[in-house]
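Using this note's numbering, the letters of the sequence shown map in sequence onto residues 8 to 566.
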Amino acid sequence: MMREDIAIDTMPICGAIEALPTVTLQVVGSGSNPEKLWDHLVRTHHYLGYQRLLGHRLKYLAFMEERPVAALSFSAPALKLRVRDKYIGWSPEQREKYLDRIVGNSRFLIFPWVKIKNLASHVLGGALARISRDWQERFGKHLWLVETFVDPARFKGTSYRAANWKFIGQTFGSGKAGKGYVYHGAIKEVYIYELEQGFREKIGCEKKTYRLFHRPSPSIKKVEALHMILRHAGWNPDIVPWMNLTERDIEKIAEELVQFHGQFQKCFGRKEQRRLGLAYISGLLSNKEAKSIGPIALEFLDEKSVRPLQQFMKSHRWDHEAMQRSHQALLADSISSPDGMITVDSSEFAKKGKESVGVARQYCGALGKVDNCQSGVFVGYSSKKGYGLLSGRLYMPESWFSKEQEERRKFNLVPEEIVFQTKPEIAGDIIDKIDKTNLFPAKWIGCDATFGSDWEFLEALPEGKYYFAGIRSNVQVFLRKPAVALPAYQGRGCRPSKKQIIKGKAQTVGEIARSKRRSCGQRWFLLKGLKALFWRTSPVSESIRPARDCHRSLLSGLF
Numbered sequence: 008m009m010r011e012d013i014a015i016d017t018m019p020i021c022g023a024i025e026a027l028p029t030v031t032l033q034v035v036g037s038g039s040n041p042e043k044l045w046d047h048l049v050r051t052h053h054y055l056g057y058q059r060l061l062g063h064r065l066k067y068l069a070f071m072e073e074r075p076v077a078a079l080s081f082s083a084p085a086l087k088l089r090v091r092d093k094y095i096g097w098s099p100e101q102r103e104k105y106l107d108r109i110v111g112n113s114r115f116l117i118f119p120w121v122k123i124k125n126l127a128s129h130v131l132g133g134a135l136a137r138i139s140r141d142w143q144e145r146f147g148k149h150l151w152l153v154e155t156f157v158d159p160a161r162f163k164g165t166s167y168r169a170a171n172w173k174f175i176g177q178t179f180g181s182g183k184a185g186k187g188y189v190y191h192g193a194i195k196e197v198y199i200y201e202l203e204q205g206f207r208e209k210i211g212c213e214k215k216t217y218r219l220f221h222r223p224s225p226s227i228k229k230v231e232a233l234h235m236i237l238r239h240a241g242w243n244p245d246i247v248p249w250m251n252l253t254e255r256d257i258e259k260i261a262e263e264l265v266q267f268h269g270q271f272q273k274c275f276g277r278k279e280q281r282r283l284g285l286a287y288i289s290g291l292l293s294n295k296e297a298k299s300i301g302p303i304a305l306e307f308l309d310e311k312s313v314r315p316l317q318q319f320m321k322s323h324r325w326d327h328e329a330m331q332r333s334h335q336a337l338l339a340d341s342i343s344s345p346d347g348m349i350t351v352d353s354s355e356f357a358k359k360g361k362e363s364v365g366v367a368r369q370y371c372g373a374l375g376k377v378d379n380c381q382s383g384v385f386v387g388y389s390s391k392k393g394y395g396l397l398s399g400r401l402y403m404p405e406s407w408f409s410k411e412q413e414e415r416r417k418f419n420l421v422p423e424e425i426v427f428q429t430k431p432e433i434a435g436d437i438i439d440k441i442d443k444t445n446l447f448p449a450k451w452i453g454c455d456a457t458f459g460s461d462w463e464f465l466e467a468l469p470e471g472k473y474y475f476a477g478i479r480s481n482v483q484v485f486l487r488k489p490a491v492a493l494p495a496y497q498g499r500g501c502r503p504s505k506k507q508i509i510k511g512k513a514q515t516v517g518e519i520a521r522s523k524r525r526s527c528g529q530r531w532f533l534l535k536g537l538k539a540l541f542w543r544t545s546p547v548s549e550s551i552r553p554a555r556d557c558h559r560s561l562l563s564g565l566f
């Protein structure tokens with residue numbers, strides 16, 4: 008018998024599934040001790056917790072010998088689900104008649120002390136092999152389909168795909184509230200598993216064509232309303248008094264901002280994303296002190312838009328690479344020149360919190376000392392025509408990739424394929440990609456000592472490029488090539504075999520006057536641009552920013 012306090016052995020279970028005891032699946036009876044165990048484990052370890060399931064339901068516990076390793080539940084499906092209903096192709100009347108032939112996989116949890124590759128798909132496969140029979144025995148209904156929802160902000164759905172579930176699209180991001188539905192912005196991916204291949208024939212329907220990522224568009228009025236807000240948002244003629252800006256000038260600037268942002272419409276999946284993106288970039292460009300998502304949403308949208316804007320930055324699907332390519336192409340038209348120079352630098356901003364992605368105690372240039380901060384690597388371009396930022400990437404200290412930080416990385420949605428790279432390695436990757444676009448001709452690459460002191464970085468720069476690199480002030484150099492030779496033999500001991508300096512004196516670079524090349528000034532433009540970027544994107548009142556959110560914020564700041 009299980010003790011009332013539900014004692015559980017949490018010693019780690021690791022290894023290959025083939026080398027471990029067989030996994031068995033047990034139906035959990037209502038009111039039994041195993042159900043108390045199931046309820047406790049799911050309530051404690053599942054990110055959604057557990058509330059009593061209504062209607063018909065089945066719970067399963069997966070065991071290795073006597074130790075529980077996973078928990079699942081199946082219960083009533085969603086009453087209305089756009090992508091599922093289009094996938095099936097049934098009418099509202101047919102849905103009402105046959106909805107009880109669908110069951111929802113409402114919970115699935117591998118316990119945190121279990122680290123076994125492929126266990127999740129193995130357990131799912133075992134459950135699918137028996138759910139139809141168990142459901143028939145308990146409730147007298149033959150099932151045709153199983154559905155489930157995956158939060159893309161937390162999971163990739165890999166286990167479901169491996170168990171042959173089919174991804175059919177995404178939810179709109181709304182939930183049941185009373186008699187209606189309320190938009191909350193928490194979009195979920197929908198997966199289907201067909202238990203009965205010919206179920207449509209039994210329903211009397213045909214599968215309809217649909218788009219996986221289709222969304223009902225908000226009314227055009229919402230977008231137009233934002234345009235009107237931008238014309239008057241934060242208008243302060245005293246910010247740049249020498250320009251004598253009128254209110255009509257501000258309206259024109261707002262219209263140009265809308266037109267500029269419109270050039271990136273293809274990168275978004277729907278109009279609502281365009282509206283949220285326009286609001287966010289407007290907030291970055293505004294004179295408001297707080298640049299975090301909440302204040303921006305309240306300033307340019309409304310209180311109901313805070314959550315959607317957070318989800319837009321965190322988990323909505325939009326094409327980062329296409330957006331960056333469009334930005335670079337537009338910038339190349341304006342500033343590309345044969346006399347151009349590629350510039351690279353790192354920049355930091357202080358953070359009070361410790362959970363935002365990449366935060367660590369490291370040198371913070373903004374403070375001039377080691378402190379808690381985030382750091383990024385940025386590559387820019389300058390020429391006689393102007394200057395601008397081309398690309399940037401968040402730097403993640405090596406400590407973030409330790410085994411102890413695995414949960415922290417998952418919480419911040421750090422992609423599994425990302426590995427530790429030094430700042431020079433990140434810069435080298437970005438420069439190589441930019442050079443391959445052929446959009447920004449440059450003979451020179453400029454950088455400070457962070458990069459200039461890394462000889463591997465300098466040696467790996469694209470062929471045909473010269474570098475103008477800062478180095479540490481204590482590095483010793485020769486202004487002229489020194490004379491070297493074998494010392495004269497003194498008649499005793501072994502003859503000298505190593506050449507020595509016989510003429511010339513080494514000096515530290517700190518003792519040498521700085522060069523007055525024009526290239527020195529071009530790097531200043533990058534620093535000026537970085538200052539403006541971080542003034543716009545610094546998350547003043549936000550304590551935590553996940554990886555994708557931070558990347559998107561930096562990408563938006565490049566504009």
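Ideal placement from N, C-alpha and C gives every residue a C-beta, glycine not left out.
Beta-carbon proximity list for residue i, same chain, < 8 Å, skipping 5 on both sides
i   : result
I24 : V30, I123, K124, N125, L126 and H129
R74 : D16 and I20
G22 : I123
Within 8 Å, strictly: CB atoms of residue i and residue j
i    : j    : result
V364 : I437 : no
R487 : G453 : no
K295 : E306 : yes
A329 : C274 : yes
I519 : P489 : no
L397 : Y388 : yes
L285 : V265 : yes
A449 : L465 : no
H63  : S82  : yes
T7   : K163 : The structure shown has nothing for residue 7, since the chain only spans 8 to 566.
E405 : F427 : yes
Q335 : T444 : yes
S353 : K440 : no
V197 : V110 : no
F447 : V351 : no
H323 : Q381 : no
P84  : E144 : no
Close beta carbons around residue i, own chain, < 7 Å, minus the five adjacent residues each side
i    : result
K391 : S344 and D346
S545 : Annotation note: pLDDT 39 at S545 (below 50); position unreliable, no value reported.
V35  : P41, E42, W45, K66, Y67 and L68
R102 : D92
M71  : I20, L27, P28 and V30
H53  : R114 and L116
L493 : P503 and K506
I342 : Y388, S390, K392, G393, Y394 and G395
A513 : Q483, V484 and F485
G435 : F464 and A467
Neighbourhood of residue i by C-beta distance below 6 Å, restricted to the same chain and skipping five residues each side
i    : result
S80  : K66, S113 and R114
K472 : I452
P499 : This sequence places Arg at residue 499; Pro is not what is there. There are no such residues.
K139 : Here residue 139 turns out to be Ser, not Lys, going by the sequence shown. Contacts found: L150 and L202.
Residue i (DSSP reduced to helix, strand or coil)
i    : result
I303 : helix
M71  : strand
G348 : According to the sequence displayed, residue 348 carries Met and not Gly. If DSSP states are grouped into helix, strand and coil, M348 belongs with the strands.
N419 : coil
V265 : helix
F385 : strand
G395 : strand
I509 : strand
I15  : coil
K376 : strand
V635 : A question about residue 635 goes unanswered here, because the residues of the chain that appear run from 8 up to 566.
F81  : strand
A297 : coil
8 Å Cβ cutoff, residue i in contact with chain D
i    : result
R102 : This model lacks chain D altogether, as it is built from one protein chain only.
Residue i CB to nearest heavy atom of the ligand GDP below 7 Å
i    : result
H334 : The model depicted lacks the ligand GDP and carries no ligand whatsoever.
Could you give the uninterrupted runs of the beta strand (DSSP E) lying entirely in the segment 91-149, keeping only those of 3 residues or more?
If we require 3 residues or more, the beta strand (DSSP E) runs fully inside the segment 91-149 come out as 109-117.
Inter-stretch contact at 8 Å, needing at least 3 Cβ pairs: the segment 190-210 / the segment 147-162
yes
Under 8 Å: do the segment 492-503 and the segment 470-483 share three or more Cβ pairs, one atom per stretch?
no
Can you give, in chain order, each stretch of the beta strand (DSSP E) that sits fully within the segment 467-504 and has at least 3 residues?
473-476 and 490-492
Give the list of continuous beta strand (DSSP E) stretches no shorter than 3 residues that lie fully inside the segment 425-455.
451-454
Sequence ranges, beta strand (DSSP E) only - wholly within the segment 312-364, length at least 3
348-357
In chain order, each alpha helix (DSSP H) run of at least 4 residues that lies wholly inside the segment 146-175:
165-169
For the segment 18-70, which segments carrying the alpha helix (DSSP H) assignment without a break, of at least 4 residues, lie completely within its bounds, in sequence order?
40-52
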